[in-house]
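Participant:
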Amino acid sequence: MAEQVLVDGNALTCEDVARVAAGASVLVDPAVMDRADASFHLVTELIGRREVYGRTTGVGALRIEQLDPESSTEHGRRLLRSHAGGIGDPLAPEKVRAMLLIRLNQLAAGRSGAHPRLITALADALNSGSLPLVRSVGSVGTGDLTALAETGLTLAGERPWATGGIPTVPIDTGDALAFMSSNAATLAQAVLAARELHHLLRASHVVAALSFVALDGNPEAYATAVHLARPHPGQIRCAAEIRRLLGMVGLPKPGRRLQDTYGLRAFPQVQGPALDAVDYLHEVLRVEINSSTENPMVSVEAQDVFHHAHFHTAYIAIALDQARAAVHHVAELSAARLSDLVEPEQTDLPAFLASGPPGSSGVMILEYVAHDALARLRQAALPVTLGTAVVSRGLEDHASFATQAARQAATAGIAYRQVLACELVAAVRALRMRQAELVDIPVRAAFDLADGVLDPDLTDHSLTGDVQRAESLLDDFAEL
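Each step along the sequence shown adds one to the number in my numbering, with nothing skipped, and position 226 is 229.
1. What separation, rounded to the nearest whole angstrom, lies between the Cα atoms of Val470 and Val428?
2. Starting from Pro10 and walking both ways along the beta strand (DSSP E), at which residues does that stretch end?
3. Go ahead and label Ile169 buried or exposed: buried means 16 or more other beta carbons lie within 10 angstroms of its beta carbon, across all protein chains shown.
4. Could you have a look at Val301 and say whether DSSP puts it in helix, strand or coil?
5. Let me know the beta strand (DSSP E) ranges lying completely inside the region 102 to 148, each 3 residues or longer, listed in chain order.
6. What ranges does the beta strand (DSSP E) occupy inside the region 7 to 52, keeping only unbroken runs of at least 3 residues that lie completely in it?
7. With a CB to CB cut of under 8 Å and the five nearest residues on each side skipped, what residues in its chain are close to Met4?
8. Quick one: is Thr47 buried, meaning 16 or more other Cβ sit within 10 Å of its Cβ, or exposed?
9. Helix, strand or coil: which one does DSSP assign to Pro353?
10. Please return the same chain residues whose Cβ sits closer than 6 Å to the Cβ of Asp40, not counting the five positions on each side in sequence.
11. What residues match up with Asp307 in a beta bridge as DSSP calls it?
12. Give the secondary structure of Ile169 by DSSP, where H, G and I count as helix, E and B as strand, and everything else as coil.
13. How would you write the range of the beta strand (DSSP E) that Pro236 sits in, first residue to last?
14. Which one of Gly141, Ser475 and Ser294 has the shortest CA to CA distance from Ala392?
15. Straight-line CA distance for Leu476 to Ala453?
16. Can Leu107 and Ala126 be called in contact, C-beta distance under 8 Å?
17. Using 10 angstroms around the beta-carbon of Ala339, count the other beta-carbons present and answer buried if the total reaches 16, otherwise exposed.
18. I'd like to know if the region 392 to 409 and the region 175 to 183 are in contact, where contact means that at least 3 CB-CB pairs between them fall below 8 Å.
19. Using beta-carbon positions only, say whether Leu344 and Ala433 come within less than 8 Å of one another.
20. Closest by CA to Ser185, which one among Ala305, Ser294 and Asp307?
21. Mark His230 as exposed unless 16 or more other C-beta atoms lie within 10 angstroms of its C-beta, in which case mark it buried.
22. For Thr59, I'd like the list of residues in its chain whose CB is within less than 7 Å of its CB, leaving aside the five on either flank, ordered along the chain.
23. Round the Cβ separation of Thr171 and Gly160 to the nearest angstrom and send it over; I've been treating them as touching at under 8 Å.
24. Counting only the same chain and skipping the five closest in sequence on each side, list residues whose C-beta sits under 6 Å from that of Gly365.
25. Ordered along the chain, which non-local residues of its own chain (more than five positions away) have a Cβ less than 7 Å from that of Gln382?
26. Verify whether the separation of the beta carbon atoms of Ile239 and Tyr225 is less than 8 Å.
27. Let me know the secondary structure DSSP gives Glu399 once reduced to three states.
28. With distances taken Cα to Cα, identify the nearest neighbour of Leu278 among His202, Ile292 and Val29.
29. When the distance is taken between beta carbons, is Ala449 closer than 8 Å to Val55?
30. Roughly how many whole angstroms lie between the Cα atoms of Pro347 and Gln421?
31. Let me confirm a value: His331 is counted as buried when at least 16 other C-beta atoms fall within 10 Å, else exposed. Which label applies?
32. I'd like the span of the alpha helix (DSSP H) that includes Leu275, first residue to last.
33. Identify every residue that forms a DSSP beta bridge with Ile90.
34. In angstroms with no decimal places, state the Cα-to-Cα distance between Val301 and Pro276.
35. Three-state secondary structure (DSSP) at Gln438?
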């Protein structure tokens, strides 16, 4: 039976988003339609006796303009058309699928006032593999207006589907703003980037453990007593994972050196903050993908609508900034361990792990490749939350730029994977040259996996293929 994700408006997980992004289908909880129907009929009744932003008025600085109730459907179309001005490259299909799922789940909470047929349409689009063309540029972190407007026009039949297609869905004035009022595209990119960073951090334990063996690291730095003395959660988890991978039991034996370089010795202290930051990011995203951000919010319980600022994404932007900065520090340690692996004083092996005639270069080039990737990661780690924007004639006078933070997180993931891959190639080569006995410890499985995939030739040759294969191995390492 094909994998299916239940959508009920309040229990979606980041893993669910990743599964649907990869092709899983969705099943909408029947209770969702009753909630959405009640919300729709309530706001339809309320606009007859009170002002409601975007339904009886214009939007943004035009909130003071009163709409003609006789032309509600046409105003909704104009709203979508005017906001569908995104530019740049189209979002990748998996990101569009993730966006559609998140918007579906938000609408399923029943606080938008949008017609229930939009919920059915989004579910049908996902289950039929139908995707709108969504441009990547057009948001500053206060609502993905361009992306959702492009999607709305596609649902309404005014734009062609990029893939597949479903029957046209009527969208009137109330539906137009209710559908656009979301950060679903930003959240989609953030969820997928956070998942990649999480997997790479898991894999980095394995890569660091292989380098530890290759460098004869001092296990004292990972002793339980050491980390209980400063018990940050991520740091304790990292040290425990290294002990598990290396089969460390009881008091550690003396190492080859009294103190290792920071790449080994400070790994838990640097990896720990990254683990904690990505955990926090996942919690922020879990809350966001199950939250109602439509402005105004329709409350069936209170029998009223509320104008608010849930569309503001400071939580997401700040969590993403923190995670990228923390991962950058971890990547710096990976590059540092790579430098140790090519240093004879650290390994008792030839410089650059060279094998062949005098002057052979070995893995010399890996340092250059790793630092190129690290430089790109460093740029991606720069905070986006130090800037803002004032738009709509001064009414909207602050922006989080969470969208840019999510894009940068994806870039950071690509670069971090490349840095780790360079370290992995060097660590496996050093272990081969030393013919190290990994005996029966958990990290042996990782070495055997890499040893069977990476080129066994130790003479000078292009390392491009090995680095690419090592990048792919990291997904397997994350599960070890």
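Every residue, glycine too, gets a C-beta built ideally from N, C-alpha and C.
Facilitator: Looking at the atomic coordinates:
1. Distance between the alpha carbons of Val470 and Val428: 7 Å.
2. Before going further, note that residue 10 is Val rather than Pro in the sequence given. From DSSP, the beta strand (DSSP E) with Val10 extends over Gln7 to Val10.
3. Buried.
4. strand
5. 138 to 140
6. 7 to 10 and 28 to 31
7. Residue confidence is low: Met4 scores 46 on pLDDT, short of 50, so the model does not pin down where it sits. No coordinate-derived value is stated.
8. exposed
9. coil
10. Pro119
11. Paired residue(s): Ser302.
12. coil
13. Careful: Pro236 lies outside any beta strand (DSSP E), inside the alpha helix (DSSP H) at Pro236 to Leu248.
14. Nearest of Gly141, Ser475 and Ser294 to Ala392, Cα basis: Gly141.
15. 7 Å
16. With a cutoff of 8 Å on beta-carbon distance, Leu107 and Ala126 are scored as near each other.
17. Counting C-beta atoms within 10 angstroms of its own C-beta, Ala339 has 16 or more neighbours from the protein chains shown and is therefore classed as buried.
18. no
19. yes
20. Checking every option, the nearest Cα to that of Ser185 belongs to Ser294.
21. buried
22. Ile50, Gln69 and Leu70
23. Right, their Cβ atoms sit about 4 Å apart.
24. Phe355, Leu356 and Ala357
25. none
26. No, the Cβ-Cβ distance between Ile239 and Tyr225 is not below 8 Å.
27. strand
28. His202
29. The Cβ atoms of Val55 and Ala449 lie no closer than 8 Å to each other.
30. 24 Å
31. Counting other Cβ atoms within 10 Å of its Cβ, His331 reaches 16 or more and is therefore classed as buried.
32. For the record, residue 275 in the displayed sequence is Gly; it is not Leu. Element bounds for Gly275: Phe270 to Ile292.
33. Val140
34. 39 Å
35. coil
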